[in-house]
Amino acid sequence: MKTTSNYSIILDHQISSKTSSEIERIIKYLNHSVIFQPLSANNAIGFGRADYTTSPHWTIYSLVDLPPRAFEANILHELYHLCQLVEKFPTTSTRIKPNATSIENNEFGQAGSVYASVILDLDVCDRLSKFGLSSEYFFDSRYKQAMSCQIKSEITDRCYFVATAMRIAGIILQNNKIQVQNVLAHFKSKNPRLVHCAKSLANKIKKVDYHTPDGCLQSLSITYDLLDIWDWQFINYKDSSFTSSEQVHTFLLQNHPDF
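Quick note: the sequence shown uses this note's numbering, first residue 33, plus one each step.
This is the structure we're talking about:
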């Protein structure tokens with residue numbers, strides 16, 4: 033007799049048998065209980081997030097008002113991020129600046145989360161694609177958000193510049209060619225330096241194997257160098273905190289002599 037998965041219904045969404053089986057497989061792989069909670073659309077920065085600091089369960093937050101296939105993709109997307117955690121992919125942290133206001137430090141932190149998210153998402157979206165689910169809904173939403181930005185002048189705020197550059201780099205790496213061309217044209221007239229930076233980031237990132245923890249570390253280090261943000265961001269990896277690309281390079285040479 034065929035058994036029913038415990039994950040056939042999540043947040044009032046009927047989940048396909050294939051996806052529910054994959055959710056069950058991932059949670060066994062994580063060796064940790066996971067619960068699902070709705071993400072408030074009013075407070076959402078993205079479509080969902082994975083929180084591994086909650087106890088005794090890890091928590092997946094997801095927007096509920098999504099098309100069925102997009103909802104399933106979103107749940108798996110966040111679960112794959114937890115897989116990356118178990119597989120010891122690097123994370124990032126923000127240096128609290130003593131002379132900055134709490135609002136400024138919060139902006140630094142939000143911008144910092146964009147850097148890791150763009151690179152970690154490349155691997156996650158590839159995992160989703162191999163499973164058989166598309167991320168196009170989210171790519172299209174990201175495109176519409178970028179095109180809705182009102183560009184009245186050159187972006188000079190440091191946090192906004194680097195976060196926007198990383199977001200555009202993500203679009204270059206994952207969206208279709210027409211969307212990429214439209215986004216670059218949308219920003220270029222007022223922000224040619226921003227567009228050049230985003231294109232450079234994308235070119236650097238795609239040359240590194242971001243599917244491995246070490247490759248992701250290298251990608252982050254490269255982007256930190258290009259964006260010149262080591263003074264307010266650092267990388268956590270294998271019980272160490274890296275505060276410069278020199279430290280990352282030394283670490284990779286020690287672990288990979290042929291690097």
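Ideal Cβ positions, reconstructed from N, Cα and C, are used throughout, including at glycine.
**Message:** Mapping the DSSP letters down to three states, classify valine 96 as helix, strand or coil.
**Reply:** coil
**Prompt:** Can you tell which of Tyr39, Asp83, Trp264, Lys236 has the C-alpha that lies nearest to the C-alpha of serine 276?
**Reply:** Trp264
**Prompt:** Would you call the segment 222–239 and the segment 176–194 touching, i.e. three or more CB-CB distances under 8 Å?
**Reply:** yes
**Message:** I believe serine 173 touches glutamate 104 by the beta-carbon criterion, under 8 Å. Please report the beta-carbon distance rounded to the nearest angstrom.
**Reply:** Their Cβ separation, rounded to whole angstroms, is 16 Å, which puts serine 173 and glutamate 104 out of contact at 8 Å.
**Asked** Roughly how many whole angstroms lie between the Cα atoms of isoleucine 55 and leucine 108?
**Response** 7 Å
**Prompt:** Which residue comes first and which comes last in the beta strand (DSSP E) that contains phenylalanine 274?
**Reply:** Element bounds for phenylalanine 274: 272–274.
**Request:** Determine the direct distance from the alpha carbon of leucine 285 to that of lysine 209, and round the result to whole angstroms.
**Result:** Looking at the two C-alpha atoms, the distance is approximately 36 Å.
**Request:** Determine contact between the segment 108–122 and the segment 152–160, defined as no fewer than three beta-carbon pairs at a distance below 8 Å.
**Result:** yes
**Request:** Report the rounded CA-to-CA distance for aspartate 260 versus histidine 45, giving the unit in angstroms.
**Result:** In a straight line, the C-alpha of aspartate 260 is about 43 Å away from that of histidine 45.
**Prompt:** Nearest to methionine 179 by alpha carbon, out of His243, Thr188, Leu216?
**Reply:** By alpha-carbon distance to methionine 179, the top candidate from His243, Thr188, Leu216 is Leu216.
**Request:** Any chance you could list the beta strand (DSSP E) runs of at least 3 consecutive residues sitting entirely within the segment 237–275, in chain order?
**Result:** 265–269, 272–274
**Request:** Report buried or exposed for alanine 73, applying the criterion of at least 16 other Cβ atoms within 10 angstroms of its Cβ.
**Result:** exposed
**Request:** Confirm, please, whether the CB-CB distance from phenylalanine 68 to threonine 91 is below 9 Å.
**Result:** yes
**Prompt:** Does the Cβ of lysine 34 have 16 or more other Cβ atoms within 10 Å, making it buried, or fewer, making it exposed?
**Reply:** In this prediction, lysine 34 scores a pLDDT of 44, lower than 50, which makes its location untrustworthy; no coordinate-derived value is stated.
**Request:** Taking only the alpha-carbon atoms, compute the straight-line gap between aspartate 257 and isoleucine 237 and give it to the nearest angstrom.
**Result:** 12 Å
**Item:** Same chain, Cβ closer than 7 Å to histidine 64, five either side skipped, listed in chain order
**Value:** Trp90
**Asked** Could you give the distance in angstroms between the alpha-carbon of serine 232 and the alpha-carbon of proline 88?
**Response** 42 Å
**Message:** Helix, strand or coil, according to DSSP, for threonine 123 in the structure here?
**Reply:** The answer is strand: DSSP assigns threonine 123 an E or B state.
**Request:** On a CA-only basis, which of Lys60, Leu71, Leu160 is nearest phenylalanine 42? Give me that one, please.
**Result:** Per the sequence shown, residue 42 should be read as isoleucine rather than phenylalanine. Among Lys60, Leu71, Leu160, the Cα nearest to that of isoleucine 42 is on Leu71.
**Message:** Quick check on DSSP: helix, strand or coil for threonine 196?
**Reply:** helix
**Message:** Between the alpha carbons of serine 40 and threonine 85, how many angstroms are there, rounded?
**Reply:** 26 Å
**Request:** Ignore the nearest five residues each way along the sequence and tell me which others in alanine 197's own chain have a CB closer than 8 Å to its CB.
**Result:** If the five residues before and after alanine 197 are omitted, its C-beta is found closer than 8 Å to the C-beta atoms of Leu226, Cys229, Ala230, Leu233, Leu259, all from its own chain and listed in chain order.
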